[in-house]
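Novice: Count the sequence shown with our numbering and you get residues 43 to 601, in order.
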Amino acid sequence: LNFFRFSFLYTPENFFKGCIAFILILDHFTTRLLSSCCKMSDLMSEGITIVEDLHKNREPVPEMKAIYFMRPTAMCIDAFINDFNPKPKYKAAYVFFTDYCPDELFDKMKKSCAKHIKVCKEINISFLPLEAQVFSCDNAEAFKSIYTPNSQDRDQTLETIADQIVTLCATLDEYPGVRFKKDPNLNYGKKLAELVDNKLARHYELDDNSKKKGKTQAQLLIVDRALDPVSPILHELTYQAMAFDLISIKDNAYEYDADGSKKEALLTEEDELWVKLRHMHIAEISIGGLSQLMKKMPAFRKQLTQKNVHLSLAEDLMSHYQKNVEKLCKAEQDLAVGADAEGQKVKDPMRTLLPVLLHPHDTTDKIRAVLLYIFSLNGTTAENLNKLIQHVKIEYERGYILNWEHLGVPILSTPSMFSFRKQSRRDRSDEETFKVSRWTPIIKDVMEDAVENKLEVKDWPYQSECPSAWNGSRAVSARQKHKGSSPDDLRSGSRLVLFVLGGVTYSEMRCAYEVTHANKSCEVIIGSTHILTPRSLLEDIYKLGRQPMESFTIEEDKP
43 LNFFRFSFLY TPENFFKGCI AFILILDHFT TRLLSSCCKM SDLMSEGITI
93 VEDLHKNREP VPEMKAIYFM RPTAMCIDAF INDFNPKPKY KAAYVFFTDY
143 CPDELFDKMK KSCAKHIKVC KEINISFLPL EAQVFSCDNA EAFKSIYTPN
193 SQDRDQTLET IADQIVTLCA TLDEYPGVRF KKDPNLNYGK KLAELVDNKL
243 ARHYELDDNS KKKGKTQAQL LIVDRALDPV SPILHELTYQ AMAFDLISIK
293 DNAYEYDADG SKKEALLTEE DELWVKLRHM HIAEISIGGL SQLMKKMPAF
343 RKQLTQKNVH LSLAEDLMSH YQKNVEKLCK AEQDLAVGAD AEGQKVKDPM
393 RTLLPVLLHP HDTTDKIRAV LLYIFSLNGT TAENLNKLIQ HVKIEYERGY
443 ILNWEHLGVP ILSTPSMFSF RKQSRRDRSD EETFKVSRWT PIIKDVMEDA
493 VENKLEVKDW PYQSECPSAW NGSRAVSARQ KHKGSSPDDL RSGSRLVLFV
543 LGGVTYSEMR CAYEVTHANK SCEVIIGSTH ILTPRSLLED IYKLGRQPME
593 SFTIEEDKP
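#1: Look at the Cβ atom of Ile264, then the Cβ atom of Phe222, and state whether they are nearer than 8 Å.
#2: Between Leu540 and the rest of its own chain, which residues show a CB-CB distance below 6 Å, the 5 nearest in sequence each way excluded?
#3: Tell me the DSSP secondary structure of Val317 in three-state form.
#4: Could you pull the DSSP bridge partners for Gln261 from this structure?
#5: Can you tell which of Val451, Ala235, Ala307 has the C-alpha that lies nearest to the C-alpha of Thr422?
#6: Can Ile436 and Ile409 be called in contact, C-beta distance under 8 Å?
#7: Quick check on this structure: which residue in Arg440, Gln465, Glu439 has the alpha carbon closest to the alpha carbon of Ser418?
#8: When you compare only the Cα positions, how much space is there between Glu196 and Ser536?
#9: What is the DSSP secondary structure of Phe122, reduced to helix, strand or coil?
#10: In the structure shown, what three-state DSSP assignment does Glu173 receive?
#11: So, with DSSP's three-state summary, where would you put Leu308?
#12: What's the C-alpha gap between Leu445 and Glu473?
#13: If I measure Cβ to Cβ from Val351 and keep anything under 6 Å in the same chain, skipping five residues before and after, which residues do I get?
#14: Can you give the Cα-Cα distance for Pro128 and Ala156, rounded to whole angstroms?
#15: From Thr140 to Thr115, what distance separates their C-alpha atoms?
#16: Note down, in chain order, each residue of its chain lying with its Cβ closer than 6 Å to the Cβ of Arg468, except the 5 sequence neighbours on either side.
#17: Using a threshold of 8 Å, state whether the C-beta atoms of Ile167 and Leu75 are closer than that.
#18: For a test of the three-state rule: what should DSSP assign to Gly606, helix, strand or coil?
#19: Tell me whether Asp491 sits in a helix, a strand or coil according to DSSP, three-state version.
#20: Would you grab the beta carbon distance between Ile587 and Pro191 for me? Rounded to a whole angstrom, and I think it's under 8 Å.
#21: Here's a check: name, in chain order, each residue in its chain whose Cβ is nearer than 7 Å to the Cβ of Lys496, leaving out the five neighbours to either side.
#22: For the alpha helix (DSSP H) containing Lys232, list its first residue and its last residue.
#23: Looking at the strands, I want to know which residues DSSP matches up with Gly544.
#24: Once you ignore the five residues that flank Phe185 on each side, which residues in its own chain have a CB closer than 7 Å to its CB?
#25: Smallest Cα separation from Leu335: which of Val161, Val176, Lys318?
#26: Can you name the start and end residues of the alpha helix (DSSP H) that Ile583 belongs to?
#27: State the DSSP-derived secondary structure class of Tyr442, mapped to helix, strand or coil.
#28: Could you have a look at Cys553 and say whether DSSP puts it in helix, strand or coil?
#29: Determine, for Leu370, whether the minimum Cβ-Cβ distance to residues of chain D falls below 8 Å.
#30: Report the option in Ser563, Thr575, Tyr132 whose CA atom is closest to the CA atom of Met551.
#31: For Ala121, collect the residues of the same chain with a Cβ closer than 7 Å to its Cβ; drop the 5 residues on either side in sequence, then sort them by chain order.
#32: May I ask you to report which of helix, strand or coil DSSP gives Phe476?
#33: What are the boundary residues of the alpha helix (DSSP H) that includes Cys155?
#34: How far does the beta strand (DSSP E) with Asp293 in it reach, from first residue to last?
#35: Could you tell me if Lys387 is buried or exposed, where buried requires 16 or more neighbouring beta carbons within 10 angstroms of its beta carbon?
#36: Whole angstroms are fine: how far does the CA of Glu146 sit from the CA of Arg470?
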């Protein structure tokens with residue numbers, strides 16, 4: 043089955059080996075995990091005849107054995123125990139946990155129904171493999187837990203995320219050196235790095251192998267969302283990022299018209315055309331990229347359907363671009379880059395912002411432009427911010443802007459923010475870019491610096507040392523012959539894993555592929571608590587609540 047993406051140690055072939063007429067019982071997370079890797083037909087071919095929800099009422103089937111694939115949480119353990127007390131629903135239970143089961147929960151389960159359990163294993167896959175080089179903790183709620191002031195569950199959330207990162211490393215059979223981005227305002231990245239490093243040490247001490255595992259040729263970098271507030275706000279014009287920003291797509295399902303009726307297509311790695319197109323610029327696709335790729339595809343029914351899907355999607359995106367986005371892009375890029383397309387420095391950012399505010403763009407687009415303006419200045423005055431908020435008419439929704447300070451991003455230019463400094467950028471003046479897409483996500487600079495062993499220790503402290511030979515391409519890389527960038531080829535080199543606390547963007551996901559392609563002896567994998575779109579991030583920011591600011595005077599919210 044399709045677990046090849048992360049070279050899983052426990053493939054479905056091993057997981058279900060010898061199953062004959064089993065029931066598979068999943069919780070919400072493991073349902074999403076399996077759905078990201080295989081189809082129902084794959085499970086049926088391995089002997090699974092029924093798939094059930096752990097947390098829903100189910101009819102007893104006492105003549106059948108049940109496989110439980112679930113998270114080791116109190117809720118899941120209680121649901122499992124209820125299946126066998128007072129009377130068992132199934133003939134026997136084969137229990138597989140996504141990661142380490144706490145002793146108290148394991149003992150509770152053993153005490154209640156040990157005689158019914160034939161197998162109990164922890165298989166270390168507590169994450170979603172979304173793409174070949176992208177993973178997610180599937181925890182969008184973590185954003186609120188971590189960044190809400192005086193959060194009561196921040197520490198527990200970081201613990202859970204650390205456990206998930208450890209299962210990723212275990213699945214990849216890596217014991218990486220851990221580094222984090224130093225932040226003068228928040229220490230969440232440092233805290234997570236400490237947790238991950240301690241849990242990795244514990245995991246490999248408890249590993250089934252009798253020999254203690256040493257550090258592997260891998261490096262794990264932990265960064266906070268505040269590292270780059272610009273990339274999640276810009277209108278990105280590559281195919282995948284643009285689609286999830288401008289089109290209503292839920293659970294990767296794109297709805298389109300075909301022959302007068304509504305159809306739905308899944309934008310996943312099963313769609314080979316999607317994989318080829320997703321990182322291309324919309325201009326390349328419109329100019330002829332899509333038609334050229336279509337000519338090379340066989341004319342089978344599946345491929346014809348894919349062609350229709352992407353013709354429709356490309357047309358939808360170009361319609362949005364020509365109607366509205368094109369007018370925004372120049373101003374957004376000038377504010378983000380700090381210079382115009384000719385390389386002239388933007389001396390007065392307000393002059394760049396003003397046309398956007400005067401145009402009848404929707405409120406969200408104006409908020410995005412205002413934020414880029416503020417980011418370009420490293421914060422603005424209370425008086426100026428007051429005027430901007432009134433101009434955009436969000437007097438009662440000012441949290442869309444003010445709450446960025448909960449992430450450590452300066453909004454008001456006050457003395458308390460003196461320690462914040464902008465990330466230094468790599469020179470990309472020689473790279474060919476479209477005028478409306480000159481911004482490069484900061485995470486790409488980080489990836490390239492890490493691969494070239496150029497990250498400054500003062501900015502990127504070591505939580506645990508990496509092997510001395512690690513330089514992102516191994517000391518012997520110059521003598522290695524690499525024929526391509528397939529998963530098997532990439533595994534012969536080293537790995538760089540980046541985890542973005544607080545959500546990762548589609549443009550940052552693209553960077554992982556680009557850096558891997560440019561440095562074929564180093565595979566870059568990127569992951570996060572969840573995947574962001576500009577609108578979802580703004581809503582998450584708004585829900586963080588308001589922080590009292592004496593220097594900012596504006597009438598209070600309506601009751």
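All C-beta atoms, glycine included, are put in the ideal place defined by N, C-alpha and C.
Keep in mind it's a predicted model, so treat the numbers as computed, not measured.
Specialist: Taking the structure as given:
#1: Cβ distance < 8 Å, so Ile264 and Phe222 count as in contact.
#2: The beta carbon of Leu540 is closer than 6 Å to those of Leu263, Ile568 in its chain, skipping five residues each way along the sequence.
#3: The answer is helix: DSSP assigns Val317 an H, G or I state.
#4: Note: Gln261 is bridge-paired with Gly219, Leu538 in the DSSP secondary-structure output.
#5: For the residues Val451, Ala235, Ala307, the minimum Cα distance to Thr422 belongs to Val451.
#6: Against a cut-off of 8 Å, the Cβ pair of Ile409 and Ile436 comes out as a contact.
#7: Nearest to Ser418 by C-alpha distance, out of Arg440, Gln465, Glu439, is Gln465.
#8: Position check: residue 196 holds Arg in this sequence, whereas Glu was assumed. In this structure, the CA atom of Arg196 is about 33 Å from the CA atom of Ser536.
#9: In this structure, Phe122 counts as helix in the three-state DSSP scheme.
#10: Three-state DSSP puts Glu173 in a strand.
#11: Note: Leu308 maps to strand in three-state DSSP.
#12: Here residue 445 turns out to be Asn, not Leu, going by the sequence shown. Roughly 35 Å separates the two Cα atoms.
#13: So the qualifying residues of the chain are Ala307.
#14: The alpha-carbon atoms of Pro128 and Ala156 are separated by roughly 13 Å.
#15: In a straight line, the C-alpha of Thr140 is about 10 Å away from that of Thr115.
#16: Within the same chain, Cβ atoms closer than 6 Å to the Cβ of Arg468 are found at Asp487, the five residues on either side in sequence being excluded.
#17: Result yes, Cβ atoms of Ile167 and Leu75 sit closer than 8 Å.
#18: Nothing in the structure corresponds to residue 606, since the chain is present only between 43 and 601.
#19: The answer is helix: DSSP assigns Asp491 an H, G or I state.
#20: Residue 587 is actually Gly in this sequence, not Ile. Yes, Gly587 and Pro191 are in contact; Cβ-Cβ is about 7 Å, under 8 Å.
#21: Within the same chain, and ignoring the five residues on either side of Lys496 in sequence, no residue has its Cβ closer than 7 Å to its Cβ.
#22: First-last of the alpha helix (DSSP H) with Lys232: 230-247.
#23: According to DSSP, Gly544 shares a beta bridge with no other residue.
#24: If we look at Phe185 and ignore the five residues flanking it on each side, its Cβ neighbours are Gly544, Gly545, Thr571, Asp582.
#25: Comparing Cα positions, the closest option is Lys318.
#26: Run containing Ile583: 576-584, per the alpha helix (DSSP H) assignment.
#27: Helix.
#28: Here DSSP, grouped into helix, strand and coil, assigns Cys553 to helix.
#29: Protein chains in the displayed structure number just one, and chain D is not present.
#30: Proximity to Met551 across Ser563, Thr575, Tyr132 peaks at Thr575, based on C-alpha coordinates.
#31: Counting only Cβ-Cβ distances below 7 Å, and skipping sequence neighbours, we find Leu96, His97.
#32: When DSSP states are grouped into helix, strand and coil, Phe476 belongs to the coil group.
#33: Counting along the chain, the alpha helix (DSSP H) containing Cys155 begins and ends at 145-155.
#34: Bounds of any beta strand (DSSP E) do not take in Asp293, whose DSSP letter is neither H nor E.
#35: Exposed, by the Cβ-count rule.
#36: Approximately 54 Å between the Cα atoms of the pair.
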